[in-house]
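Student: The UniProt record's numbering applies: residue 1 is where the sequence shown begins, and numbers increase by one.
Virtual Cβ for every residue (Gly too), placed ideally from N, Cα, C.
Let me give you the structure first, and then I'll get to my questions.
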Amino acid sequence: MTINDDDLVAQIRQALKVVIDPELGHNIVDLGFVYDVSIDDGAAHITMTATTPGCPAASFLKEGVANSACLVPGVESVDVTMTFEPPWQPWMISPGVKASLGFAEVN
1 MTINDDDLVA
11 QIRQALKVVI
21 DPELGHNIVD
31 LGFVYDVSID
41 DGAAHITMTA
51 TTPGCPAASF
61 LKEGVANSAC
71 LVPGVESVDV
81 TMTFEPPWQP
91 WMISPGVKAS
101 LGFAEVN
């Protein structure tokens, strides 16, 4: 991965912060739903999850990810893979969002 690819991955991750989980009310990046973002010759590959395999918002979130990522300059195509391995867990949430959701930090 070149430095330009690293910058593009960072821009994609930033763009995905506009995708809000309708149930939890926070963006999917801070919720820990985005497992991986990679870029290959302008093709973005994003691996993500949802809270559960039966999440009713999963297709909505996946569509939002594809739509947001394709708006990033330099991204020519987007492939979004939904996975439930590993299963999403609350510890994946960023500290600030954990606090706003009422999760206590466990040391």
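Sort out for me which residues DSSP pairs N27 with in a bridge.
Tutor: Its beta-bridge partners are I20.
Student: Could you tell me whether the segment 2 to 17 touches the segment 31 to 49, using the rule of 3 or more Cβ pairs below 8 Å?
Tutor: Yes, the segment 2 to 17 touches the segment 31 to 49.
Student: For the beta strand (DSSP E) containing A57, name the first residue and the last one.
Tutor: First-last for A57: undefined, no H or E at that position.
Student: Considering only C-alpha positions, which residue in the set M92, T83, A10 and V9 is nearest to C55?
Tutor: T83
Student: Could you give the C-beta distance for D79 and A43, rounded to a whole number, given that I count them as a contact under 8 Å?
Tutor: 7 Å
Student: In the DSSP assignment, find the beta strand (DSSP E) that holds S77 and state where it starts and stops.
Tutor: S77 to M82
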